[in-house]
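Each residue of the sequence shown is one higher than the one before, starting from 277 at the first, in my numbering.
Every residue gets a Cβ at the ideal spot worked out from N, C-alpha and C, and that includes glycine.
Structure, as structure tokens:
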Amino acid sequence: MPELPEVESLRQMLARSAVGRTFRQVVIRESRLRRSVSPQLGSTIAGRTIERFGRRAKYLLIEMAGDQVMLVHLGMSGSLTHRGRGFDPGPFDPRHDHIEFRLDDGSSLVYNDPRRFGLIKVVARADLDAISELKTLGPEPLGREFTAGHLWTTTRGRTASIKNLLMDQRIVAGVGNIYASELLFRAAVRPTRRAGRITRHEASRIVRATQEVLQEAIGSRGTTFRSYRDSRGQPGRFAQLLRVYDREGKPCLKCSTQIRAIVLGQRSSYYCPRCQK
Ligand SMILES: [Zn+2]
């Protein structure tokens, strides 16, 4: 499932390839995503120039002339590729190319999503912070507001596991399952620990580990297990660098103890029973 690093690397790539392009036409082949894509999508954005690609949590924000913003969420299996001459659609099943945004230079942004849990909608820039998808989100994990003090304060009295709270978008926005396991390994904190019992020092290690893991993953253009592809249709390279995620029974890279897997909040979680307390 695409998480923050995948969306951020997509944002960076599209910022290089598609800023300044103008939407010419939108072809909707399948409108039934997590919520139906508006039949007015094409008439709303045709003629608008892309000014900037932004991101909030796992939402890509395509900022257009006229103060309109198109939100794109990739759901479980979505990808947005910039296809022009020489693009190899090899990994993409054309039956899942649900929406094609044709641009003024003849290239297209194509939204492909086999499981159709994604979201595409246009809002006025002034309304962005108030829409239901974004208004309850906590601070960005790579932003200045995500500090040890914030994490420590918001977890006081909470009996849920620290891993589940790190994945709670109201506490910090955009940390998903893969990176929550990875960052807790780096912070040497066991995922099952009650969040309310995390010390101030551990909160500080968790914040630092979050930033390191996400930055390294962005540098590798994210993690691909099955479907994720970047804007050029290439898989991310971070899967090779994962230290605990999906490594059940394999030796810990620090101490050689076997990595364990448990289910927390219905998601697989991985940890080293020796390195993580
Ligand atoms: Zn270990």
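Bridge pairing for Gly-330: Leu-337 [DSSP]. Residues with their Cβ less than 5 angstroms from any non-hydrogen atom of ligand 1, running along the chain, are Cys-528, Lys-530, Cys-531, Thr-533, Cys-548, Arg-550, Cys-551.
For the pair Gly-382 and Gly-414, the CB atoms are not nearer than the 8 angstroms cut-off. Residue nearest to Ile-396 within the set Val-283, Leu-350, Glu-284, Arg-519 is Leu-350 (criterion: CA-CA distance). As DSSP reads the structure, Asp-373 sits in a beta bridge with Asn-388. Rounded to the nearest angstrom, the Cβ distance from Met-346 to Thr-325 is 12 angstroms, too far for a contact under 8 angstroms. The beta carbon of Ala-463 sits closer than 6 angstroms to those of Arg-481, Ile-482, Ala-485, all from its chain and outside the five residues before and after it, given in chain order.
Cβ neighbours of Val-520 within its own chain (closer than 7 angstroms, five residues either side excluded): Ser-457, Glu-458, Phe-461, Ile-535, Tyr-546, Tyr-547, Cys-548.
Linking Asp-405 to Ile-375 through their CA atoms gives a straight-line distance of about 26 angstroms.
For His-477, the number of other beta carbons within 10 angstroms of its own is below 16, and it is reported as exposed. For Thr-486, the enclosing alpha helix (DSSP H) has its first and last residue at 476-495.
If you draw a straight line from the Cα of Ala-291 to the Cα of Leu-418, it is about 19 angstroms long. Taking a contact as a CB-CB distance under 8 angstroms, the pair Leu-410 and Leu-356 does not count as one, their CB atoms being some 19 angstroms apart. Runs of alpha helix (DSSP H) with 4 or more residues, each lying fully within the region 425-465, are found at 438-442, 453-463, listed in chain order. Put simply, of Val-539, Arg-513, Gly-450 the residue whose alpha carbon is nearest the alpha carbon of Thr-500 is Arg-513. Taking all protein chains shown into account, Ala-294 has 16 or more neighbouring C-beta atoms within 10 Å of its C-beta and is therefore buried.
The beta carbon of Cys-531 is closer than 8 angstroms to those of Cys-548, Arg-550, Cys-551 in its chain, skipping five residues each way along the sequence.
According to DSSP, residue pairing for Gln-534 in a beta bridge involves Pro-527. With a 10 Å radius around the Cβ and a threshold of 16 neighbouring Cβ atoms, Glu-284 comes out buried. Between the region 301-317 and the region 325-336, the count of C-beta pairs closer than 8 angstroms stays below three; the two stretches do not touch.
Taking C-beta atoms under 8 angstroms as the contact rule, Thr-431 and Gly-495 fail to qualify, at a distance of about 29 angstroms. Around Val-302, the same chain offers Leu-317, Gly-318, Ile-321, Ala-322, Ile-375, Glu-376, Phe-377, Arg-378 as residues with beta carbons nearer than 8 angstroms, after the five sequence neighbours per side are excluded. Separation of the CB atoms of Glu-282 and Tyr-504 is rounded to 5 angstroms, and the pair is thereby assigned contact status at 8 angstroms.
Of Val-451, Gln-510, Pro-511, the smallest CA-CA separation from Leu-490 is found for Val-451. At the C-beta level, Ala-515 and Glu-524 stay beyond 8 angstroms of one another. In the displayed model, Gln-552 falls within coil according to three-state DSSP, outside both helix and strand. Per DSSP, Ile-321 lies in no beta strand (DSSP E) segment; the continuous alpha helix (DSSP H) that holds it begins and ends at 317-321. In the three-state reduction of the DSSP assignment, Val-539 falls in the strand class. For Ser-355, the enclosing beta strand (DSSP E) covers residues 355-359.
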